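Worksheet for the structure shown next.
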Amino acid sequence: MADTSIEWTDATWNPVAGCTVLSPGCTNCYAMRMAARLDAMGMPKYRGLTRKSGKRAVWAGKVRLDRAALGIPASWKKPRRIFVNSMSDLFHDAVPAEFISAVWKTMQTTPQHTYQILTKRPDRMAGITASLPVLPNVWLGTSVESADFLGRIDDLRKVDAAIRFVSFEPLLGSVARAGLSGIQWAIVGGESGPRARPMEEQWVAEIEAACREAGTAFFFKQWGGVRKKSTGRHYRGQTFDEMPRVEIRC
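Structure representation (structure tokens):
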């Protein structure tokens with residue numbers, strides 16, 4: 007687990023490493039570059055998880071389980087928001103349901119933390135979590151980069167969770183038809199890094215409007231770009247750091 011500069015969370019925890027390029031939002035994934043760097047530094051966990059394609063690193067389709075990492079959150083006594091698997095996807099087909107259950111057990115026994123899980127595979131998330139307890143400290147979300155993948159939101163609505171959220175990052179096109187009923191939180195962000203694709207302000211405005219209509223918290227993460235610090239994270243002259251309201255279930 008490590009502290010992070012990701013604006014909507016406090017720390018990352020990676021009991022799984024490695025992934026597969028699934029859709030256009032994966033093309034310039036920062037985790038591929040980071041995994042290649044960690045491999046070059048001699049970290050066994052990331053060995054061979056990427057391959058070279060031209061001048062860049064891409065996922066090799068391998069997934070590595072890190073059972074030793076399951077005990078890490080218990081050592082963190084101070085409550086944190088924790089992004090689960092920033093270097094993978096917990097619901098990747100190669101991650102056994104048994105291992106996902108072990109991750110669930112860790113989250114259940116560390117209620118001081120809030121866990122945020124993002125997947126591009128919400129259909130598998132829905133199927134597996136149907137047999138797992140709904141934990142009040144676990145938020146479940148999906149990534150949607152363009153209108154071609156709005157169906158992921160429908161799959162997410164099938165998931166029973168304390169908080170359901172959608173990450174529109176990297177936002178690569180208009181998602182004006184996105185319906186956010188039953189979704190408590192939306193994160194919006196442009197792509198960053200050396201090959202960043204641009205994000206238009208109108209696309210952001212469409213998502214904010216959908217949030218207001220559905221009563222969904224709106225979090226604007228960044229404009230992105232090659233130098234994301236220079237483009238900043240102000241939208242309409244202000245920052246939007248809205249967080250979902252967690253209702254206590256009896």
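Take the position in the sequence shown, starting the count at 1, then add 6; the result is the number in this note's numbering. Using N, Cα and C, we set each Cβ at its ideal position, and we do this for glycine too. Just so you know, these numbers come straight off a predicted model, no measurement behind them.
Where DSSP assigns a beta bridge to L146, which residues make up the other side? L146 is bridged by DSSP to I123, R170.
Check for me: the beta strand (DSSP E) holding G195 runs from which residue to which? Unbroken beta strand (DSSP E) run through G195: 191-195.
Inspect the beta-carbon positions of A192 and F224 and report whether they are closer than 7 Å. Yes, the pair counts as a contact, with Cβ atoms nearer than the cut-off.
Once you ignore the five residues that flank T245 on each side, which residues in its own chain have a CB closer than 8 Å to its CB? If we look at T245 and ignore the five residues flanking it on each side, its Cβ neighbours are F226, R239.
Can you tell me whether D72 is helix, strand or coil according to DSSP? The DSSP-derived three-state label of D72 is coil.
In the DSSP assignment, the beta strand (DSSP E) including A63 goes from what residue to what residue? Residues 62-65.
Going by beta-carbon coordinates alone, are I123 and L96 separated by less than 7 Å? In contact: I123 and L96 (Cβ atoms closer than 7 Å).
Measuring alpha carbon to alpha carbon, tell me which of T18, E13, Y36 ends up nearest R201. In this structure, Y36 is the residue among T18, E13, Y36 with its C-alpha nearest to the C-alpha of R201.
Rounded to whole angstroms, what is the Cα-Cα separation between L141 and S107? One C-alpha to the other measures close to 12 Å.
Could you compute how far the alpha carbon of W14 sits from the alpha carbon of S59? Near 31 Å, if we compare the C-alpha coordinates of S59 and W14.
Below 8 Å CB to CB, which residues in the same chain sit around P139 once its five sequence neighbours on both sides are set aside? Non-local C-beta neighbours of P139 in its own chain, meaning closer than 8 Å and more than five positions away in sequence, comprise W110, Q114, ordered along the chain.
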